[in-house]
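What follows is one structure encoded as structure tokens, with my remarks underneath.
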Amino acid sequence: MLYSVFVRPCLLASRPLTRTTPSSLIAFPPMSQHRNFGAISSKFLDSMVVLNSPTLTTATSHHSDATALTAPSRHPSIMNRVQQDSPIYKILIIGGSYAGLSAAVNLLDLQRGSQPRQSREPYIHQRQLPKHNIEITIIDERDGFYHLVGSPLALFDEEYAKKTWIKYQDIPEMHGSLIKHIHGAVTEVDCVEKKAVVIDRATKTRLIQSYDILVATSGLRRAWPIAPRAKTKDEFLSHIVHHTTSVEGASRGVVIVGGGAVGVEIAAKLKSCIPKLTVTLAHSRDTLLSSEPIPDEAKGKILELLRDTGVRVLMNHRLSQITDEQTSDGLHEFRLEFNNGMQMVASKVIYAISQSVPSTEYLPASALDSNGYVEVLPNLNLKPGTPNYQDHFSAGDIVQWPGIKRCSGAMHMGQLVAHNVHQRIIQKLTGREPAMKDLEQFSPMIAVALAKSAVAYAPQTGVAWGGDVLQTYFGGDMALSCPRSRRMPLSCEPCRQRKIKCPRNDSRGQMPCNTCVRRGIPVTECIYLRDQSSRRNVLMPRHGANSALVARIDRLEELLRQSASGAGSELRKLHTELDLEPELEPEPEPEQAVDLLSPESTLHPSATTWSSAQSDASPTQPHSSMPPVGVIIRSESGHERFEPASSQWSPVIQNNPVVIGAKTNTDENISGSVPFSMISSNTTDLLELLPPASYCEQLKNLYFEAFAPLFHILHDPTFEMDYLRFQSDPEKVSLPWLALLFAILSIAVIALPQDSPLLRELGKRNSALDSMSLLSSRYRGGVMKCLEADHYLWRHNLNTLQAMVILIYGINHTHGQSWALLGTARNIALSLGCHVEPTIFQIEPISVEERRRCWAGLKMLYTIQNTTLGMLDATPIPSTVNPPLDINDDELVVGYQIPESRNGPTQMSYLLLKFELYDLCTRICSQVFETSRTLTYNKVQALDAEISAMRDKLNYKYLFDVSIAAHHSVQLNILFGYTHQLTLLLHRPVLRQGASGYSREDWLASQIKCIESSKELLGIHRVLHEDPSFSPYQWYNRGLGSFHAFHAAVCLAHICMSGKNLDPQTKTSFQKLVRDSLHVFRYFMETGISAICNKATPILEKLLVMMNPQDTRDSGARRESTCHHSDSSYENDMELFDEYIENLAPQQWLSPSNMGWEGWATILEHGSIENVF
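So for the sequence shown, full-length UniProt numbering puts the first residue at 1; every next one is plus one.
Structure, rendered in structure tokens:
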């Protein structure tokens, strides 16, 4: 395949994608009578192509009833056979490659009442729709469809190249009355008037094309020879002739620059076509396909097989200069120089470097991001902000969407667009709410053709290679032709994937099957591919005398099936013998693997399809050896409840391997309100509590910039997709998710700078701190209102828990303890089964990690507060949950192999390391706070060794790469700061004068440790304040960071005042450190947004005076009242001050809420400590 099959669709100009599998990437059988058309095109054009057909030799030009600005149209409307009283919906598709043609042919299927040719789910057409018709116009700069997957071979094989370009006039579907093609380019789109300006290539005229619905699928532009620059087939073939001639005469060899999938396939095909030719591939990195998120095993195997073909591969060779020279015999050759000093000469150079540009200049700026990609909602509508955005769709490479772009992805987008356009038309006809489908993320997958072999990677199958892989994915002609037939499986998909017995014919046509009913599989997922394919071209009647009665019967039958699915499963539990079918060997399905790279197989997985064996490093490795512990019951409302195996149904559950996992309870019907709540809010009222949309977006983005790196419990891409859905239809938002959004807003306002316009506009208070407090309280109130409206005390889901965990995290950083709320959150987590290892429930990887992260975050908060409160609850929480994976969000796909060791941090590294530090803090506090006995110095040294080991671990994790990102640098500083805080907690009690059992050597060693850690803490505090790249994290520095710095400054002052063994120079250096730190404390105090600095700054000023009574130059550090004290009074004050600091309980330094600020305030108020005592 070409250019990273399935992965690099956009490597070619305007050609959204790479390739699909030859059998059924899109899940319906190809028509065997049209084998001359490519595998990809055959699948979504089906019977559209018959090459060299004698009936199609005459070119037919089809134009719309568009108005020519320079001349009237010479072509009649193609809809002249449609009755004038029937509405006609004009659909304009810009771009006729994979996504565009996929949308067109699926729209034709839907309009005719047949099953969409790319859908795995049966489409139920609505009966008795008003009469209407559609008119599809495809505008493409080329005169035909180009099979991009075959480009690596077409570049060097003229005969093969002729087959890869199929003119639109040779596609039978293009001769129908509902569709036409204009060979031209769109230069402008008016979304308000719904008109497009088109330059017709044939007539050179400028046309105005009106439309009702627009679909933009124009793809990306790439340079030749990576993509054809020709606009016609004849021009393309002439370019191929010239190209192949130049390659065949390359006596000094050919160099391909770029080691992505594009370059790899071109190099392999070139060497295969011309074995005598010297072919060199130069790549600037140390691995091929370096930018692709696929396992290193796949990249290494591609390199190995490429070298086996005879291609010379140069790794870490970045081209720095190329010179065109002419030989003595008049031939051209190129001298190449690389950044490592190497030089070489070649007769031809082919650039295979990805420099794609989206061809979206015709769309309004409101529809595009800063790079020119189209911003869409999950249903592929343009985002709100573009006029009439509901009638404008986009698909293919030009769409800004998470995941790797690939051919099958573009075709899947096209099919989804067709479905949603059809629903939009139904809405216009009937006024009914459209049943739109949303696009899910694409998992990384790839297949690369290398001469007589191929390498393929998919999350479900892992890495595979060999000649059979080449035949499976590419056939013998780069997937241009299709296999004649494919035997479809007999069992339904859920039973087939789980490899259990399916009733098959007993319930075909009466979905779901009995096995799926017992397992709680949704009706829409129990499908038979054999039946679906056989119904592909069966037209469904739209009208009939009894159509209304038939529709009512269909609905009643569906309700009965749903009722039986919910109630019947509970009754069957009462039998000791459940009549469970034994697990069977999988049916012999030779081509089953072909479906594994289809978009549907990764976009809509069943909750029971994650049980296949994975490697130890897989994010979905199930605990098959664990005994059954229960099930997660999901209600139709989206709430969840964990039913432990120890319940009254435990014998049934333990003996039933089918129900160990997740199931659906359709009988849940909760009414009423929280027994002691007076709040009764509907969604509309709660939405009014949100800030304006633009401010909401800013606060959401600020959360993911400033808080998510330090408390990463959400899966960012999942939340972003949910947020897009919320933007498109706020009224349909679930209350738990809305509570989560409020929680995010409540914590995000803490990170706003004091001069933020948003803070002034929303808070409207005199001080920034007051505005922050108001907004934070408002949005926290929104969290609780949403939760109470959802009756969170007796029903909840993971969003409920996520909202509460983030809410508690925010309260910890502003108000301190939230012990009661934390207890509620913990019990909700137990109710959801978050204390159980989630892989045994056979749920998707993202849900597995979200549960692990929630449980880890909750345990962290619980550990912090329990330690702070003096170990109120020493009862351990029974749990079998593994820690979250040390993985980035974009790596969270099925089959991804977690590296045994990483060279740098991930999004989860900070949380995991902080968890280790909190465990260490708990052990230190349990020893230090014990009042009945003195901690031996051997134990002090052992705990100190653990702190040192953690520092080594942090250095190894974060400092491996000198070009560390800003948020990772902040994480490293905070983690190191916490280790120094632990050092002070451990060693300061040794310095207390009354401490017994320690030698002078122990005392001096601990003093050195305290001095070193205090210096480091003050340095980190200053760096985080002064470095502009750390500005998003000032919320931490003015809060907990300042408290730790306050601890360090007090420690240095204490040592300075009581340390008789210190020389004057050392004391002066301590004074300078405290004086310098005061600049940061004063800044935060003057801004008025740090409650800690407001309290700590006067104390530090007083301490600085005590440390150096002769220093009268720093007026800011000495209060006027203290300037007139007598020497004896000052010495007495210093002794008492030193005694006060020494006798502070170690627990007070755990958190700002534990500190006895009242005692400090009393000292400052009386001016002299002598008066206090």
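C-beta atoms are modelled at their ideal positions from N, C-alpha and C, and glycine is treated no differently.
Supposed close pair residue i, residue j - CB separation, criterion 8 Å
| i | j | result |
| --- | --- | --- |
| E916 | M950 | 7 Å |
| A966 | F1030 | 7 Å |
Extent of the continuous beta strand (DSSP E) run through residue i
| i | result |
| --- | --- |
| W819 | Note, W819: premise wrong, no beta strand (DSSP E); alpha helix (DSSP H) at 819-832. |
| G133 | Note that residue 133 is Asn in the sequence shown, not Gly. Segment 133-140, the beta strand (DSSP E) holding N133. |
| K195 | 195-200 |
| T280 | 279-282 |
| K957 | Counting along the chain, K957 falls outside any beta strand (DSSP E), though it belongs to the alpha helix (DSSP H) covering 937-958. |
| F334 | 332-338 |
Distance between residue j and residue i (C-alpha atoms, nearest Å)
| i | j | result |
| --- | --- | --- |
| E525 | S1013 | 59 Å |
| T327 | R335 | 12 Å |
| L237 | S443 | 36 Å |
| N546 | Q128 | Because N546 sits at a pLDDT of 49, beneath the cut-off of 50, its placement in the model cannot be relied upon, and the following sentence gives the value as read from the coordinates. Roughly 11 Å between the two C-alpha positions. |
| A250 | V349 | 10 Å |
| N519 | Q441 | Note that residue 519 is Arg in the sequence shown, not Asn. So the two alpha carbons sit approximately 26 Å from each other. |
| I179 | P512 | 37 Å |
| I124 | K452 | 44 Å |
| I134 | I166 | 25 Å |
| L92 | G100 | 10 Å |
| M477 | G150 | Before going on, a small fix: residue 477 reads as Asp here, not Met. Roughly 8 Å separates the two Cα atoms. |
| C854 | A1048 | 33 Å |
| S671 | G638 | Summary for S671: the model assigns pLDDT 45, below 50, so the residue's position carries little reliability; its value from the coordinates is reported in the next sentence. So the two alpha carbons sit approximately 15 Å from each other. |
| W1160 | I1099 | 7 Å |
| L982 | V1105 | 28 Å |
| T880 | L830 | 12 Å |
| S86 | S177 | 15 Å |
| D944 | L935 | 13 Å |
| R252 | T280 | 11 Å |
| S771 | G763 | 4 Å |
| P225 | G263 | 11 Å |
| Y862 | L822 | 7 Å |
| I947 | M344 | 54 Å |
| D329 | L155 | 27 Å |
| L214 | P130 | 22 Å |
Of the residues the options, the one placed nearest residue i, counting alpha carbons only
| i | options | result |
| --- | --- | --- |
| M1155 | L861, E1101, P1064, V1050 | V1050 |
| A856 | W819, Y809, S728, H813 | Y809 |
| E640 | C834, V523, A820, V517 | C834 |
| W1035 | G781, H813, V631 | H813 |
| I266 | Y351, L207, K301 | Y351 |
| P459 | G310, L759, I294 | I294 |
| L741 | L752, Q754, L690, R760 | L690 |
| I806 | Y779, V848, D790, D140 | Y779 |
| E891 | N882, Q907, N903 | Q907 |
| H968 | L954, V198, N381, I88 | L954 |
Element boundaries [alpha helix (DSSP H), containing residue i]
| i | result |
| --- | --- |
| S1014 | 1000-1026 |
| F1084 | 1064-1087 |
| L738 | 735-748 |
| K180 | Run containing K180: none in the alpha helix (DSSP H); it sits in the beta strand (DSSP E), 179-190. |
| I240 | 233-248 |
| I811 | 798-814 |
| P308 | Rather than Pro, the amino acid found at residue 308 in this sequence is Asp. Unbroken alpha helix (DSSP H) run through D308: 296-308. |
| V970 | 966-991 |
| W855 | 845-868 |
Query raised in the report: Taking one C-beta from the region 360-376 and one from the region 285-300 each time, how about it: are there three or more such pairs within less than 8 Å?
Result: With a cut-off of 8 Å, the region 285-300 and the region 360-376 do not count as touching, because too few Cβ pairs lie within range.
Query raised in the report: Do the region 885-892 and the region 918-938 make contact, defined as three or more Cβ pairs closer than 8 Å?
Result: Contact fails: fewer than three Cβ-Cβ distances are below 8 Å.
Query - Segment contact flag, the region 189-201 with the region 385-401, C-beta cutoff 8 Å, min 3 pairs - result: yes
Report task. Take every Cβ of the region 715-731, pair it with every Cβ of the region 372-387, and state whether three or more of those distances are shorter than 8 Å. Result -> yes
**Report entry** Stretch pair the region 835-853 + the region 698-708: three plus CB contacts closer than 8 Å
**Finding:** no
Requested in this report: Could you tell me whether the region 767-782 touches the region 711-719, where touching means 3 or more Cβ pairs closer than 8 Å?
Outcome: no
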